[in-house]
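*Asks:* Chains A and B, in that order, give the protein sequences.
Numbering follows numbering that gives the first Met the number 0, with no gaps: position 283 of the first sequence is 282.
Numbering follows numbering that gives the first Met the number 0, with no gaps: position 16 of the second sequence is 15.
Don't be surprised by glycine CBs; every beta carbon is placed ideally from N, CA and C.
What follows is a structure written as structure tokens; I'll ask about it next.
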Amino acid sequence: MSALSMNTTTAPPRAAAIDWAPLLLTPLLALAALPLVGSGSTWFTLTAAGLAMGMIIFIIASGLTLIFGLMDVLNFGHGIFIALGAFVAVSVLGLLPAWTTADSLALNLAAIGLAMLAAMASAGAAGWLFERLLVRRVYGLHLMQILITMGGMVVGEEVIKMVWGPQMIALEVPAALRGALLFGDAAIEKYRLLAVAVGLAVFIALLLVLNRTKLGLLIRAGVQDKEMVESLGYRIHRLFVGVFVAGSALAGLGGVMWGLYQQGVVPQMGARVNVLIFIVIIIGGLGSTTGCFVGAMLVGLLANYTGFLAPKLALFSNILLMAMVLLWRPQGLYPVTSR
Amino acid sequence: MIARLLSHDLPRSRPLAVILLLILLGLAFAPFLFPGAKAMNVAAKVLVFIVLAASYDLLLGYTGIVSFAHTMFFGIGAYGVAIASSRLGPTWSALAMGTVAAVLLSLALSFAIGLFSLRVRAIFYAMITLAVASAFQTLASQLSELTGGEDGLNFKLPELLSPAHRLMEEPLLGASLDGRFITYYIVFFCAALLFLALLRIVNSPFGRVLQAIRENDFRAEAIGYRTVVYRTLSNVLAAIFATLAGALLALWLRYNSADTSLSFEIMVDILLIVVIGGMGTLYGAVCGATLFILAQSYLQDLMAAGASAAQGLPWLAALLSPDRWLLWLGVLFVLSVYFFPTGVVGKLRKEQGR
Numbered sequence: 000m001s002a003l004s005m006n007t008t009t010a011p012p013r014a015a016a017i018d019w020a021p022l023l024l025t026p027l028l029a030l031a032a033l034p035l036v037g038s039g040s041t042w043f044t045l046t047a048a049g050l051a052m053g054m055i056i057f058i059i060a061s062g063l064t065l066i067f068g069l070m071d072v073l074n075f076g077h078g079i080f081i082a083l084g085a086f087v088a089v090s091v092l093g094l095l096p097a098w099t100t101a102d103s104l105a106l107n108l109a110a111i112g113l114a115m116l117a118a119m120a121s122a123g124a125a126g127w128l129f130e131r132l133l134v135r136r137v138y139g140l141h142l143m144q145i146l147i148t149m150g151g152m153v154v155g156e157e158v159i160k161m162v163w164g165p166q167m168i169a170l171e172v173p174a175a176l177r178g179a180l181l182f183g184d185a186a187i188e189k190y191r192l193l194a195v196a197v198g199l200a201v202f203i204a205l206l207l208v209l210n211r212t213k214l215g216l217l218i219r220a221g222v223q224d225k226e227m228v229e230s231l232g233y234r235i236h237r238l239f240v241g242v243f244v245a246g247s248a249l250a251g252l253g254g255v256m257w258g259l260y261q262q263g264v265v266p267q268m269g270a271r272v273n274v275l276i277f278i279v280i281i282i283g284g285l286g287s288t289t290g291c292f293v294g295a296m297l298v299g300l301l302a303n304y305t306g307f308l309a310p311k312l313a314l315f316s317n318i319l320l321m322a323m324v325l326l327w328r329p330q331g332l333y334p335v336t337s338r
Numbered sequence: 000m001i002a003r004l005l006s007h008d009l010p011r012s013r014p015l016a017v018i019l020l021l022i023l024l025g026l027a028f029a030p031f032l033f034p035g036a037k038a039m040n041v042a043a044k045v046l047v048f049i050v051l052a053a054s055y056d057l058l059l060g061y062t063g064i065v066s067f068a069h070t071m072f073f074g075i076g077a078y079g080v081a082i083a084s085s086r087l088g089p090t091w092s093a094l095a096m097g098t099v100a101a102v103l104l105s106l107a108l109s110f111a112i113g114l115f116s117l118r119v120r121a122i123f124y125a126m127i128t129l130a131v132a133s134a135f136q137t138l139a140s141q142l143s144e145l146t147g148g149e150d151g152l153n154f155k156l157p158e159l160l161s162p163a164h165r166l167m168e169e170p171l172l173g174a175s176l177d178g179r180f181i182t183y184y185i186v187f188f189c190a191a192l193l194f195l196a197l198l199r200i201v202n203s204p205f206g207r208v209l210q211a212i213r214e215n216d217f218r219a220e221a222i223g224y225r226t227v228v229y230r231t232l233s234n235v236l237a238a239i240f241a242t243l244a245g246a247l248l249a250l251w252l253r254y255n256s257a258d259t260s261l262s263f264e265i266m267v268d269i270l271l272i273v274v275i276g277g278m279g280t281l282y283g284a285v286c287g288a289t290l291f292i293l294a295q296s297y298l299q300d301l302m303a304a305g306a307s308a309a310q311g312l313p314w315l316a317a318l319l320s321p322d323r324w325l326l327w328l329g330v331l332f333v334l335s336v337y338f339f340p341t342g343v344v345g346k347l348r349k350e351q352g353r
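Printed below as a string of structure tokens:
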């Protein structure tokens with residue numbers, strides 16, 4: 000810590016030197032898989048599928064890592080917003096059968112867009128309530144946070160079961176997005192293209208907001224040193240609530256994508272995805288958005304490659320990946336320096 | 000004598016002492032007081048969960064570590080007995096070998112996880128254990144030749160413990176003296192012994208160091224205790240006790256599957272038990288486990304009655320439906336973390352202090 004502050008006083012302010020090594024991991028992994036998979040078209044299909052899965056995971060995990068980075072709150076109840084988003088999407092799409100079955104891309108996309116908006120709104124509102132009722136009283140107390148957010152998760156899951164029932168509900172991709180596009184021998188499911196588009200949009204929007212706006216400046220400053228931001232006259236708590244709501248809304252959006260990807264929703268999906276996104280944010284470095292993105296890509300790609308090469312191993316590929324990354328960088332790919 | 004047996008950690012509250020005594024008597028004479036298969040099952044489950052929750056309290060309440068891998072060790076114990084008995088046949092040596100092998104596996108695993116991740120912050124450990132536990136659950140369901148997969152394993156116990164074995168033809172004081180009767184008392188005495196051993200551990204100088212680490216690990220380190228070593232030891236001890244509890248569960252059920260001993264739902268149950276009962280006191284585990292298992296077994300019937308009474312009001316009926324009992328326990332959990340973090344036991348002791 001002291002060495003760091005000495006540096007900043009003597010050297011000019013550190014230019015944003017980009018740490019390339021972790022960014023190279025994703026293409027390296029993809030290239031390494033090419034000879035193992037053998038056929039080029041299969042590799043292309045797998046890579047596209049992996050990237051799409053990674054994008055969806057990123058959308059879900061980005062909110063969690065932001066909340067942790069800014070507020071030092073690890074929300075074990077994050078999964079509940081994922082499940083809520085997915086179930087809201089089920090209801091919304093269920094109300095619009097004419098739009099989802101119509102063979103028109105525009106109507107289909109409109110239906111999905113509407114479902115996403117509703118999911119984000121309800122997950123955001125639930126996030127606001129969650130922060131207000133549960134998290135607000137336990138800032139700074141990690142043990143209590145884990146317990147209380149876990150409790151919130153249990154209650155939330157039961158409420159979802161009460162409203163939508165405990166059984167699995169099918170969530171079909173709208174008509175025009177079913178099936179795959181063929182590029183030579185390689186096939187890419189149309190829905191995955193949508194997932195990549197949405198994921199990239201979220202990533203770019205997050206980067207722009209965080210790096211180019213005053214709000215982003217405040218959030219990044221808050222991650223580094225929240226007392227300082229407070230002493231400059233900004234109400235850090237409002238920022239906290241805003242980020243919590245935004246993170247929950249992102250989880251809701253991710254829940255819609257995940258539900259459509261899995262083609263069904265169950266109340267327990269939140270708890271299941273929780274494990275996955277924890278692994279991703281540990282790999283990325285707790286609190287880092289870029290790290291979260293790289294981590295999500297790695298997890299998505301590896302899951303698809305191992306699923307093809309060694310299906311038994313695929314179930315543990317995440318854990319292995321996490322162990323290897325932590326051996327290389329114990330704080331994750333992009334450690335957040337203030338912690 | 001009693002003070003020594005309890006390691007001088009007395010209940011320190013008259014109502015609490017009465018409750019504990021009632022629980023002890025109820026469990027000790029369960030076969031005579033509550034004959035019938037369901038009541039016996041409930042009593043045995045209470046015993047197992049007392050040990051399981053008490054061992055988790057060693058981690059959560061005494062050392063201040065949140066682990067989500069506790070059911071993994073519980074499951075290892077249960078699978079150890081189940082696999083050994085179904086492979087090697089219903090013999091005592093199979094039971095012993097299964098238990099020993101399970102304890103060794105838990106020891107190695109908990110030691111590795113502890114060394115790997117206890118150096119860092121509590122939150123990190125919680126996440127890593129969550130990931131490891133879910134991977135282990137997948138592994139157990141994948142190795143279906145060994146673990147029976149989703150169906151689980153049914154196995155037989157040695158002749159002496161099988162339900163068909165009879166000590167006496169006539170029931171004695173309302174209890175039928177068969178193999179189940181003997182098994183129950185084996186479980187009872189093992190659980191009591193394990194609980195007393197845990198009491199001994201938390202009230203030893205070692206236990207005091209754990210509490211110091213919980214309160215302020217920085218200062219504990221400054222006094223000269225290697226916190227990593229103590230945390231890892233606490234983790235290993237808790238894992239071993241959980242493994243033994245798992246072995247007892249398998250012994251009682253003569254069956255094991257991922258759902259009965261490994262699932263994440265059980266992890267949540269343990270958390271609820273420890274927090275509602277009272278963190279940082281083993282008596283909390285006793286009260287919590289008894290309350291929880293009784294609620295799990297009988298409250299649902301009550302709620303079903305309530306739901307059918309509230310038929311006219313669909314919302315109320317949905318809230319009272321027996322499937323929603325976890326909702327109420329979850330709410331109780333959240334409220335108890337806020338308003339009485341010391342749980343039932345802490346509340347009772349405070350009343351006495353006034």
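#1: Alpha helix (DSSP H) containing Ala-83/B: first to last residue?
#2: Assign Pro-310/A to one of two classes, buried (16 or more other C-beta atoms within 10 Å of its C-beta) or exposed (fewer than that).
#3: Helix, strand or coil for Phe-338/B, going by three-state DSSP, please let me know.
#4: Please list, in chain order, all residues of the same chain as Trp-324/B whose beta carbon is under 8 Å from its beta carbon, the five residues on each side excluded.
#5: Using 10 angstroms around the beta-carbon of Met-167/B, count the other beta-carbons present and answer buried if the total reaches 16, otherwise exposed.
#6: Could you name the residues of the stretch 290-319 of chain B whose beta carbon sits closer than 8 Å to any beta carbon of chain A, in the order they occur along the chain?
#7: Tell me the rounded alpha-carbon separation between Gly-245/B and Val-153/A.
#8: Would DSSP call Asp-177/B helix, strand or coil?
#9: Do you know offhand how far Ala-2/A's Cα is from Ala-120/A's?
#10: Measuring straight from C-alpha to C-alpha, what distance separates Phe-338/B and Leu-261/B?
#11: Going by other Cβ atoms of all chains shown within 10 Å of its Cβ, with 16 needed for buried, is Ser-92/B buried or exposed?
#12: Based on the DSSP secondary-structure assignment, which residues constitute the bridge partners of Ile-168/A?
#13: With DSSP collapsed to three states, give me the class of Ile-18/B.
#14: Hey, which unbroken runs of the alpha helix (DSSP H) at 4 residues or more fall wholly within the stretch 141-202 of chain A?
#15: Please decide whether Leu-326/B counts as near chain A, where near means a Cβ-Cβ distance under 7 Å.
#16: Give a yes or no on whether the minimum CB-CB distance between Val-72/A and chain B is below 7 Å.
#17: If I measure Cβ to Cβ from Gly-206/B and keep anything under 8 Å in the same chain, skipping five residues before and after, which residues do I get?
#18: Just checking: is the beta-carbon of Gly-351/A within a distance shorter than 7 Å of some beta-carbon in chain B?
#19: Would you mind working out which of Ala-2/B, Ala-81/B and Phe-123/B sits nearest Asn-74/A, comparing C-alpha positions?
#20: Closest by CA to Trp-127/A, which one among Gly-139/A, Leu-332/A, Ser-40/A and Ala-245/A?
#21: So for Arg-237/A, helix, strand or coil by DSSP?
#22: Which of the three DSSP states, helix, strand or coil, is assigned to Asn-6/A?
#23: Just mark Ile-276/A as buried or exposed, buried being the case when its beta carbon has 16 or more other beta carbons within 10 Å.
#24: Using DSSP's beta-bridge definition, name the partner residues of Tyr-254/B.
#25: Do the CB positions of Thr-64/A and Cys-291/A come within less than 7 Å of each other?
#26: Identify the contact partners of Arg-136/A in chain B, using a Cβ-Cβ distance below 9 Å as the criterion.
#27: Near Thr-8/A, what residues of its chain come up, given a Cβ to Cβ distance below 6 Å and the 5 sequence neighbours on each side ignored?
#28: For Pro-11/A, which residues in the same chain have their Cβ closer than 8 Å to its Cβ, ignoring the five residues on either side in sequence?
#29: In the structure shown, what three-state DSSP assignment does Leu-171/B receive?
#30: Can you name the start and end residues of the alpha helix (DSSP H) that Met-39/B belongs to?
#31: For the stretch 136-144 of chain B and the stretch 270-279 of chain B, state whether three or more C-beta atom pairs, one from each stretch, are separated by less than 8 Å.
#32: In angstroms with no decimal places, state the Cα-to-Cα distance between Gly-258/A and Val-172/A.
#33: Have a look at the DSSP bridge pairing and note the partners of Arg-165/B.
#34: CB Met-115/A to CB Leu-252/A, shorter than 7 Å?
#35: Taking only beta-carbon atoms, is Val-47/B less than 7 Å away from chain A?
#36: Quick check on DSSP: helix, strand or coil for Ser-287/A?
*Replies:* Reading from the atomic positions:
#1: 69-87 is the span of the alpha helix (DSSP H), which, as asked, contains Ala-83/B.
#2: A residue is called buried once 16 or more other Cβ atoms fall within 10 Å of its Cβ, and Pro-310/A, having fewer, is exposed.
#3: Phe-338/B carries a helical assignment under DSSP once its states are collapsed to helix, strand and coil.
#4: Apart from sequence neighbours up to five positions away, the residues of its chain that approach Trp-324/B with a beta-carbon distance below 8 Å are Ala-294, Gln-295, Leu-298, Gln-299 and Met-302, ordered along the chain.
#5: It counts as exposed.
#6: Along the stretch 290-319 of chain B, the positions whose C-beta sits under 8 Å from a C-beta of chain A are Ala-317 and Leu-318, read in chain order.
#7: Within the model, the alpha-carbon separation for Gly-245/B versus Val-153/A is close to 24 Å.
#8: Here Asp-177/B carries a strand assignment [DSSP, helix/strand/coil].
#9: Residue confidence is low: Ala-2/A scores 42 on pLDDT, short of 50, so the model does not pin down where it sits. No coordinate-derived value is stated.
#10: Approximately 31 Å, taken between the alpha carbons.
#11: Counting of Cβ neighbours within 10 angstroms places Ser-92/B among the exposed residues, the total staying below 16.
#12: Residue pairing by DSSP places Ile-168/A opposite Val-264/A in a beta bridge.
#13: DSSP places Ile-18/B in helix when its eight states are reduced to three.
#14: You should have 141-163.
#15: Interface annotation, Leu-326/B: in contact with chain A, CB-CB separation under 7 Å.
#16: It does not: the Cβ of Val-72/A has no partner Cβ on chain B nearer than 7 Å.
#17: Cβ-Cβ distances below 8 Å link Gly-206/B to Tyr-61 and Ile-200 in the same chain, with the five nearest sequence neighbours on each side left out; the list follows chain order.
#18: Residue 351/A cannot be examined here, being either before or after the span of chain A that is shown, 0 to 338.
#19: Out of Ala-2/B, Ala-81/B and Phe-123/B, Phe-123/B has the C-alpha closest to the C-alpha of Asn-74/A.
#20: It is Ala-245/A whose Cα lies nearest to the Cα of Trp-127/A.
#21: Note: Arg-237/A maps to helix in three-state DSSP.
#22: Since pLDDT at Asn-6/A reaches only 42, below the 50 mark, its modelled position is unreliable, and no value is offered.
#23: With 16 or more other Cβ atoms within 10 Å, it is buried.
#24: Its beta-bridge partners are Asn-153/B.
#25: Going by C-beta atoms, Thr-64/A is nearer than 7 Å to Cys-291/A.
#26: Per Cβ cutoff of 9 Å: Tyr-337.
#27: Low confidence applies here, because Thr-8/A scores a pLDDT of 41, under 50, leaving its location unreliable and the question unanswered by this model.
#28: Note that Pro-11/A scores a pLDDT of 43, beneath 50, so its modelled location is shaky and nothing firm can be said.
#29: DSSP, reduced to helix, strand and coil, places Leu-171/B within a strand of the structure shown.
#30: Start and end: 36-56.
#31: No contact exists between the stretch 136-144 of chain B and the stretch 270-279 of chain B.
#32: If you take the alpha carbons of Gly-258/A and Val-172/A, they lie about 9 Å apart.
#33: Per DSSP, Asp-177/B.
#34: A Cβ-Cβ contact shorter than 7 Å links Met-115/A with Leu-252/A.
#35: No, Val-47/B does not count as interfacial toward chain A.
#36: Three-state DSSP puts Ser-287/A in coil, outside helix and strand.
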